[in-house]
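Residue numbers (our numbering): 9 to 606.
From the three backbone atoms N, C-alpha and C, an ideal C-beta is built for every residue, glycine too.
Worksheet: one structure, shown below.
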């Protein structure tokens, strides 16, 4: 399917999920609405809908948040960093603890709203050194609204809020959208190339690349005055010495005379483009028996396995390596991941004294997926494969340029400017925000390919059943009992805790399509395991053409047809009745839904 058609399909999914969430909030079910927004954003972040933000989704969250109590802002406890989750591997958690260390002289506390494991020790230590603490809020069992309420109360005790949240996290908008009496909020735009929630609480959105501000303005509808660019804060890392290099090579088994090229990034960051990094680098490795390529992140499968075989094992995909300090010390040249850069890894490599080079054969792709360091000219960028190989051959380190760009005083000055803007402008108001436009241009196609070609997205059949679940839950509130009580599981979407054995519908003349659409929704959403249509025996033949037409008009499902003059007898324990206007079920002692409400 062409990319533009896929973008349209993803937009339709976003609209369907948004409609379901809107219906829930309008009907007084804010908790369910919030979870459906979470689902919509989770799908859109990985299946690009041609939009980078959604005004309607943010409005649903603002509506859901009206059920939360007001909390007066008292302040006094310094800076509060809010993380959706905290991980040992990855850049956004490192950003949080490095921010605390660079912004010395203030108290920094943090809260991980959705912890998935132990809190990384460096994050805890950074907060404690500043005099701050780790806070806790209610978890999944309490539901999104209870967590947001606790965040609102916690935030009111602080002087500044810094958000390090994931693209599909609705908690910040629930806690602070349309709240005027609150601390200033800086939104860390670490997923600047994805759809995300939270623009209605961006007093200032802080990006790390110039393109982040452009997308915030052009595609998210934020005023330019509410954007800022802040270089990534760095740890104090000593440059690698020849002695340290020799020790690292000995520990990880690299020959002293080998020339080692290094690239680091999550496996999906090497897929999704029209080209592969190996297209450019593998010929260089193959031509020189003393050169090898070490890739940290990708697994030794697929293209990586083929390259290893073709180079006598000198292309090594090492998978995830939690501590890369020895790897950085042992290698000679760092090559940025492509097509999606791993900007934190590249900066750390340059800081350690490694020469860094990048490959950017497509300008649009480079703008959207390239690193801040490459955009700032901190290391050379090749436009062709041959040029990349020439850059690798002539690579020279320039750590002073990197350290100058990321200098602590320069960083603190940029942070002070962003914070001053947030305080001067005050809480962002919805009237300042433009409606985010929808496009199907080159930039959108690049982002679509990044996820679709790599499989770094939710499978379409899963998305289809999430849409059906959302539609069913919005239409039939009683089906809330089918899901975990909080309706906010650890996954992107709802967690189903029960399923009806059979859903039974008994349509009257002209109601065949209505009944089949209801049954299809229940089956695709997996709320029912099997669908049955009961018909008066005298109607079976006449109803058959309408049934066939209705079945052909939508997702294919299997339904049984049972001729009976007593449809209520077909509804047993564990069954769900689907009522239509011509209702022959009578007074059932069984769960039922109204097909006309769908």
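For residue j and residue i, believed in contact at Cβ under 8 angstroms, the rounded distance
i           : j           : result
residue 170 : residue 196 : 6 angstroms
residue 79  : residue 168 : Not a contact, Cβ separation roughly 16 angstroms.
residue 565 : residue 539 : 7 angstroms
residue 38  : residue 72  : 4 angstroms
residue 18  : residue 74  : Going by Cβ atoms, the distance from residue 18 to residue 74 rounds to 30 angstroms, so no, they are not a contact pair.
residue 57  : residue 203 : 7 angstroms
residue 334 : residue 256 : 4 angstroms
residue 588 : residue 488 : That belief does not hold up - the Cβ atoms of residue 588 and residue 488 are roughly 22 angstroms apart, past 8 angstroms.
residue 307 : residue 327 : 5 angstroms
residue 106 : residue 242 : 7 angstroms
residue 232 : residue 66  : At roughly 19 angstroms, the Cβ-Cβ gap does not stay under 8 angstroms, so residue 232 and residue 66 are not in contact.
residue 372 : residue 451 : 6 angstroms
residue 134 : residue 108 : 4 angstroms
residue 312 : residue 325 : 4 angstroms
Beta-bridge partners of residue i, as assigned by DSSP
i           : result
residue 493 : Paired residues: none, contrary to the question.
residue 542 : 570
residue 583 : 510
residue 100 : BP columns for residue 100 are empty, so no partner.
residue 155 : None, per the DSSP bridge assignment.
residue 237 : 215
residue 279 : Bridge partners of residue 279: none, in fact.
residue 228 : Residue 228 pairs with nothing; no bridge assigned.
residue 170 : 89 and 194
residue 116 : 87
residue 529 : Per DSSP, none; premise fails for residue 529.
residue 143 : 119
residue 324 : 302
residue 271 : 303
residue 472 : None, per the DSSP bridge assignment.
residue 364 : 342
residue 504 : 491
residue 371 : Bridge partners of residue 371: none, in fact.
Chain D contact for residue i (CB, 8 angstroms cutoff)
i           : result
residue 448 : Going by chain labels, chain D is absent from the structure shown, which holds only one protein chain.
Cutoff 8 angstroms; reference residue i; Cβ partners in own chain excluding five residues on either side
i           : result
residue 349 : 273, 277, 366, 377, 378, 379 and 382
residue 575 : 512, 514, 542, 592 and 593
residue 34  : 71
residue 407 : 247, 358, 359, 360 and 361
residue 114 : 86, 87 and 138
residue 572 : 542, 543, 544, 545 and 578
residue 471 : 21, 51 and 55
Close beta carbons around residue i, own chain, < 7 angstroms, minus the five adjacent residues each side
i           : result
residue 190 : 81, 163, 164, 184 and 435
residue 298 : 265, 266 and 267
residue 32  : 40, 41, 44 and 482
residue 353 : 272 and 273
residue 12  : 448
Contacts around residue i, its chain only, beta-carbon distance under 6 angstroms, and the 5 residues preceding and following it disregarded
i           : result
residue 478 : 25, 28 and 44
residue 22  : 48, 52 and 57
residue 215 : 197, 200, 221 and 237
residue 95  : 101
residue 547 : none
residue 346 : 285 and 367
residue 46  : 176 and 178
residue 30  : 68
residue 329 : 304
residue 340 : 267 and 268
residue 161 : 79
Whether residue i touches residue j by CB criterion (8 angstroms)
i           : j           : result
residue 586 : residue 601 : yes
residue 559 : residue 535 : no
residue 172 : residue 240 : no
residue 423 : residue 480 : no
residue 289 : residue 300 : no
residue 152 : residue 76  : no
residue 555 : residue 520 : yes
residue 302 : residue 336 : no
residue 103 : residue 118 : no
residue 146 : residue 158 : yes
residue 212 : residue 235 : yes
residue 476 : residue 14  : no
residue 416 : residue 217 : no
residue 490 : residue 468 : no
residue 537 : residue 510 : yes
Indicate whether the contact test is met: 3 or more Cβ pairs, each with one atom in the region 182-191 and one in the region 224-244, closer than 8 angstroms. Output reads no: the region 224-244 does not touch the region 182-191.
contact_flag[the region 133-143, the region 56-64] where n(CB pairs < 8 angstroms) is 3 or more: By the Cβ rule, the region 133-143 does not count as touching the region 56-64, because fewer than three pairs are nearer than 8 angstroms.
Is there contact between the region 422-432 and the region 390-402, where contact requires at least three CB pairs shorter than 8 angstroms? Too few Cβ pairs lie closer than 8 angstroms, so no.
Would you be able to state if there are at least three C-beta pairs under 8 angstroms between the region 312-330 and the region 403-417? The region 403-417 vs the region 312-330: no contact.
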